[in-house]
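Quick note on numbering: the sequence shown equals residues 17 to 328 in my numbering. Accompanying notes for the structure given below.
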Amino acid sequence: MKEINWRGVDLNLLLTFNALMQFESVSGASKHLNLGQPATSYNLKRLRQLLNDPLFERQGHKMVPSFRAKEVAPHIAQILSIISNEVLPQGEFDFESYDGVYKIGLTDYAEQIFGPALFDTLLAGSPNSKVLFKPADSQNSLSMLENGEIDLCIGVFNQLPDNVSKTFLYREKHWCIFDNDQIKTELPIPLDTYLATPQIIVTANEDLTSKVDITLSKMGVKRHVVLGTTRFFTVRRILSGRKQLAVVAEMVGRSDLIQDRLTLSPPPIDIPDFDVDMICLSRNASHPRLVWLDEKVKALVQAKVETLKSSV
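Put into structure tokens, the structure is as follows:
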């Protein structure tokens, strides 16, 4: 089989061929393509070399196609149609007919707080779709995005590479949470009560420490940690009926998924706020499906946050 001269294949040549077939004249094709006649004639010369055929023969004012030109005309028209209608346009996402899977990476507590409403919202918009929540954090989210395991990820991200697009969702504050029927303290909780009360922390390290302990160390004081867990909502369940406290993200403390009588109080030490963001790969950020999903998730999460903040 003869090797194809791909360097000679130019989309403009196909447009020129199509126009010559349609108007049967160089002048008519030139006018349609907004090209000068010399440029159109030059493209015809390149077409003849590429296809090794005269393609068109001048008869009076008409350019009559050859057998070869008639043979390839439908294929060229089909190629141009595919490019025009399927390759170049990026139309709106037809979410109502979408029957694929929305894949979202979430931390444990984000899935608990936002998961049910996200599921309802996405299925309401795309009744034929499916939803997949996958556990994700700052350690594995980038690899999951690159591997196509998730479309978006919600979490806390500090440094991100240039190929990741970030959308701000909300700012989290830290709050002390405890059963004040047991501790019986004034509000906001004083530092001495905070330090004297056994504490539960969200951590996976065996030292049962967090950045809070660094702050306390600089102040020359120390707290008494009795339990570490990676499950945010386990903390709330354990606190009820016990003389203990924890420092948690505000949304964990205000979540309506657990019915208890725990008290929230600003901490007696400075604990920096942190941003919760949504990330996706930059190269996919403008895809209509991702744009729709991004907008839905952002609107829902921010509305849920405002509802929880105003409910207490």
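Heads up, the beta-carbon is just placed ideally off N, CA and C, and yes, glycines get one too. Remember, it's a predicted structure, so these values are computed and weren't measured experimentally.
Here HIS190 is buried: its Cβ has 16 or more other Cβ atoms, across all protein chains shown, within 10 Å. Distance from the Cα of LEU176 is smallest, within the candidate group SER159, ASP69, ILE166 and TYR186, for SER159. Fully enclosed alpha helix (DSSP H) runs of no fewer than 4 residues occupy 124-141 and 157-162 of the segment 115-169, in order along the chain. In its chain, beyond the 5 residues on either side, LEU138, SER142, SER145, LYS146, VAL147, LEU148, ASP167 and LEU309 have a beta carbon closer than 8 Å to the beta carbon of TYR118. DSSP places ALA301 in no alpha helix (DSSP H); its state is neither H nor E.
Judged by pairs of C-beta atoms under 8 Å, the segment 296-315 does not touch the segment 254-272, as fewer than three such pairs exist.
CA-to-CA, the gap between ALA212 and ASP197 works out to about 16 Å. Put simply, the backbone Cα of SER82 is about 10 Å away from that of MET37. Around the beta carbon of ASP195, 16 or more other beta carbons lie within 10 angstroms, which makes this residue buried. Our two residues, TYR125 and SER233, have alpha carbons roughly 28 Å apart in a direct line. In the DSSP assignment, LYS182 falls within the unbroken beta strand (DSSP E) covering 180-188. For LEU261, the uninterrupted beta strand (DSSP E) run begins and ends at 261-265, by DSSP. For SER100, the closest of LEU31, LYS47 and GLY236 by C-alpha to C-alpha distance is LEU31.
If you look at GLY44, you'll find it in the alpha helix (DSSP H) that goes 42-49. The continuous alpha helix (DSSP H) containing THR32 extends over residues 27-39. For the pair LEU273 and TYR210, the Cα-to-Cα distance works out to about 26 Å. Between LEU29 and ASN59, the beta carbon gap of about 5 Å places them in contact (Cβ cut-off 8 Å). Between the segment 268-284 and the segment 318-325 there are three or more inter-stretch CB-CB distances shorter than 8 Å, so the stretches are counted as touching.
Distance from the CA of ILE170 to the CA of ASP293, rounded to the nearest whole angstrom, comes to 6 Å. The segment 217-226 and the segment 235-253 touch, with three or more beta-carbon pairs separated by less than 8 Å.
DSSP, reduced to helix, strand and coil, places THR245 within a strand of the structure shown. DSSP places ILE217 in no alpha helix (DSSP H) but in the uninterrupted beta strand (DSSP E) bounded by 215-218. Burial of SER41 is indicated by the presence of at least 16 other C-beta atoms within 10 angstroms of its C-beta.
The shortest C-alpha to C-alpha distance from SER43 to any of ARG64, GLY76 and SER298 is the one to GLY76.
Looking at the backbone, the Cα of GLN65 and that of VAL25 are separated by about 11 Å. For ALA85, the closest C-alpha among the options LEU96, LEU67 and LYS78 is that of LEU67.
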